[in-house]
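The letter at position 75 of the sequence shown is residue 75 when you use full-length UniProt numbering, and the numbering goes up by one with no holes.
Ideal Cβ positions, reconstructed from N, Cα and C, are used throughout, including at glycine.
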Amino acid sequence: MAETEACSPVPGLAATAAVAPVQVVLAALADPVRLEMVRRMAAAPGRTERCAALYDDIGKSTASHHFKVLREAGLTERTSVGGVLHQRLCLDAVEAALPGLLPSVLSGLD
């Protein structure tokens, strides 16, 4: 089995976990809330967005759970920009581990 690469680290932060197996990634993307979060990050400049801008109509604790699932799947990493938490989509790492998966999933949302 090929080794997957971790999300590219942001200066000053350690690399996050490597991209999980395809079954774990697809399970993370199966939830409509998480899929919308990924869509919003993919559309954001630098694929990075404030945590609060990634969800509507759910509480902070529920959003935190969704962020954790995405991080554990290797899809995102948490960053701090000016003291504000952001989530960043690890598109390059996911593409290297699972070529074409995210572009295919995201193109199906249009």
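- Segment contact: the segment 64-82 against the segment 23-39, three or more CB-CB distances shorter than 8 Å; contact assigned.
- Ranked by how close their Cα comes to the Cα of LEU54, the residues PRO45, GLU36 and GLY46 have GLU36 in first place.
- In the DSSP assignment, VAL25 falls outside any beta strand (DSSP E) and lies within the alpha helix (DSSP H) extending over 22-29.
- Within the UniProt domain "HTH arsR-type" (24-103), the complete alpha helix (DSSP H) runs of at least 4 residues fall at 32-43, 60-72 and 91-97.
- Distances from the alpha-carbon of LEU101 to those of GLU49, LEU75 and MET41 put LEU75 closest.
- SER80 and HIS86 have their C-alpha atoms some 6 Å from each other.
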